[in-house]
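Chains as they are written, first to last, in my numbering: chain A, 1 to 117; chain B, 1001 to 1113. Backbone N, C-alpha and C define an ideal beta-carbon position, used for all residues, glycine too. A quick write-up on the structure given underneath.
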Amino acid sequence: NAGVTQTPKFRVLKTGQSMTLLCAQDMNHEYMYWYRQDPGMGLRLIHYSVGEGTTAKGEVPDGYNVSRLKKQNFLLGLESAAPSQTSVYFCASSSDSGSQNVDHEQFFGPGTRLTVL
Amino acid sequence: SQQGEEDPQALSIQEGENATMNCSYKTSINNLQWYRQNSGRGLVHLILIRSNEREKHSGRLRVTLDTSKKSSSLLITASRAADTASYFCATDDSGGGADGLTFGKGTHLIIQP
């Protein structure tokens, strides 16, 4: 199993350009997440999905859109990139045992380093 | 949203010594998790402790949780050079809703050989 994979690994954009980050997981997890990590900071949640076809906003959703058309994929889009979106982006997934009060250990991808000039 | 805070921000110790990192959080939680991040890599889950647990062990790791003080500690015993990494606490306050974790800013641990 590859676990959680992210493409691309690195990208440089100019202000105003658009791009899509792809996350894929092969663990049949229901839940998927996009976080960003800035220097000296922990991870902040951008958007998340609790199942195919569903998405929800996290702590810092502005400037980003997401889609979960297939259970194994979670896409993060930047429609008009800004320098403030320079960051490292991490995707994660976790399982759902089907019952309440479960432990949501998350599995992370290797990250995408994005620079917006 | 709540935010965990790790203490200290950076810690440098000699190989073989024990390393202790602390985490404080703000609201009630379902569980608290610790993750490790090696430089330039993704996060790796280390250990999870539920809100009704007070202590948990996994190999050289020992985690405690004090919900009355809203704090947790991670102890790494007999440290090794390979333990050099950043360590993050993360709280799950979703109550089963799985709406993501809230991470602290991390403790950067350096193990001197």
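Judged by DSSP secondary structure, aspartate 1092(B) falls within the beta strand (DSSP E) whose first and last residues are 1085-1092. Taking 8 Å as the CB threshold, methionine 41(A) lines the interface with chain B.
In the three-state reduction of the DSSP assignment, glutamine 72(A) falls in the coil class, being assigned neither a helical nor a strand state. According to the DSSP assignment, alanine 24(A) belongs to the beta strand (DSSP E) that extends over 19-25. In the three-state scheme derived from DSSP, where H, G and I count as helix and E and B as strand, serine 1039(B) is classed as coil.
Looking at Asn1(A), Gln106(A), Val66(A) and Glu79(A), the one whose alpha-carbon comes closest to that of tyrosine 31(A) is Gln106(A). By the C-beta density criterion, methionine 27(A) is exposed, having fewer than 16 other C-beta atoms within 10 angstroms.
For tyrosine 31(A), the enclosing beta strand (DSSP E) covers residues 31-37. Serine 1086(B) and glycine 1104(B) have their C-alpha atoms some 11 Å from each other. Here glutamine 85(A) carries a helix assignment [DSSP, helix/strand/coil]. Assignment of alanine 1019(B) by DSSP, reduced to helix, strand and coil, places it in the strand class. Within the same chain, and ignoring the five residues on either side of threonine 1067(B) in sequence, the residues whose Cβ sits closer than 7 Å to its Cβ are Ser1051. Assigned with DSSP and collapsed to three states, alanine 1081(B) falls in helix. For arginine 1041(B), the neighbours in chain A by C-beta distance under 8 Å run, in chain order, Pro110 and Gly111. For serine 49(A), the number of other beta carbons within 10 angstroms of its own is at least 16, and it is reported as buried.
The Cβ atoms of alanine 1090(B) and glutamate 1015(B) lie no closer than 8 Å to each other.
When Cβ-Cβ separations below 8 Å define contact, lysine 1056(B) makes no contact with chain A.
The closest CA to that of valine 88(A), considering only Thr54(A), Thr7(A), Phe74(A) and Gly16(A), is found on Thr7(A). Secondary-structure assignment with DSSP links valine 12(A) through a beta bridge to Thr115(A).
Collapsing the DSSP output to three states places valine 66(A) in a strand.
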